[in-house]
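Chains as they are written, first to last, in full-length UniProt numbering: chain P, 1 to 161; chain C, 1 to 161.
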């Protein structure tokens, strides 16, 4: 059945970020619409942000194009140029390799949602604009390091156990 | 600038369908959001359908996943299972190779719009469910034939010049 029943698609939280960085995306949940529908060439997620929540740490992708459309509520797009209001129907796109790190923040007092599409590639590297951190993705595994490839430090991720 | 100003993105009509078949998508216009934003791995179009207009002839893709979300107005998704109402926020997806031909029809008396995402591949074949027609796409050129590869006939496309 091509038409999706969004009420039947699981809403999941959590983060792949290491240590305390995972706390930065508390209040973010996602519905994996593309996976539910059986498409595989690009991912389609409907992301829900509670007041105060972030879509991600500010980042840019080296291999994957990304496109977002706000579907409900009000969000703020933050990139190298500053802050941009995003209301339902507003769109933004992030070509692979463009080193303009971006994320969305819900600065309102109501839930907000956006649709995000990203290419699926075998590997990926993404850089974080406001941290000395990058991630390499291969075979579904995420490896976070500093931008020179060395391990993240305890003061970065708060994991001193 | 990642955020798109939709008012500045051209709205274009027209069709690649041969002969009189092009008339079947009169009342359909599109804004090529992905192209305007410089992304290339998948296409993102915002399509506007006047009352009575079709998104396309009913078809399915062999190599390209496709995803749609209705953004304004009311549309009807037609597939092999029948008709399905689609309102703003409703989504549907069409995995490559799934022979369930589909299109959207605006049966309302107001303009309706939807966002459509499709993978960009070097080549593509699509089949039309309600006609003896297929299209092969290579290097940006569209070649329409009957499903056995033979030329379309004048009675199919009304081009008897």
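Each residue gets a CB set at the ideal place from its N, CA and C atoms; glycine is no exception. Predicted model, so just to flag it, every value in this text is computed and none were measured.
Report, in whole angstroms, the separation of the C-beta atoms of residue 203 of chain C and residue 82 of chain C, which I expect to be a contact under 8 Å.
-> Residue 203 of chain C lies beyond the residue range present for chain C, which begins at 1 and ends at 161; the question has no answer from this structure.
Residues in the segment 25-57 of chain P having any Cβ partner in chain C nearer than 7 Å | 33, 34, 37, 38, 39, 40, 41, 42, 44
Inside the segment 16-60 of chain C only - alpha helix (DSSP H) runs reaching at least 4 residues | 33-37
Using a threshold of 8 Å, state whether the C-beta atoms of residue 76 of chain P and residue 85 of chain P are closer than that.
-> yes
Minimum C-alpha distance to residue 120 of chain P - residue among C:87, C:65, C:103 | C:65
Whose C-beta lies closer than 7 Å to the C-beta of residue 33 of chain C among residues of the same chain, with five residues either side of it excluded?
-> 4, 9, 44, 45, 46
Flag residue 175 of chain P as yes if its beta-carbon sits less than 8 Å from any beta-carbon of chain C, otherwise no.
-> For residue 175 of chain P there is no data in the structure shown, the boundaries of chain P being 1 and 161.
Between residue 157 of chain P and residue 57 of chain P, is the Cβ-Cβ spacing less than 8 Å?
-> no
May I have the straight-line CA-CA distance separating residue 39 of chain C from residue 92 of chain P, to the nearest angstrom?
-> 11 Å
Given a cut-off of 8 Å, decide if residue 11 of chain C and residue 62 of chain C are closer than it, judged by their beta-carbon atoms.
-> no
Roughly how many angstroms separate the alpha carbons of residue 143 of chain P and residue 132 of chain P, rounded to a whole number?
-> 14 Å
CB contact check: residue 148 of chain C to chain P, cutoff 8 Å | no
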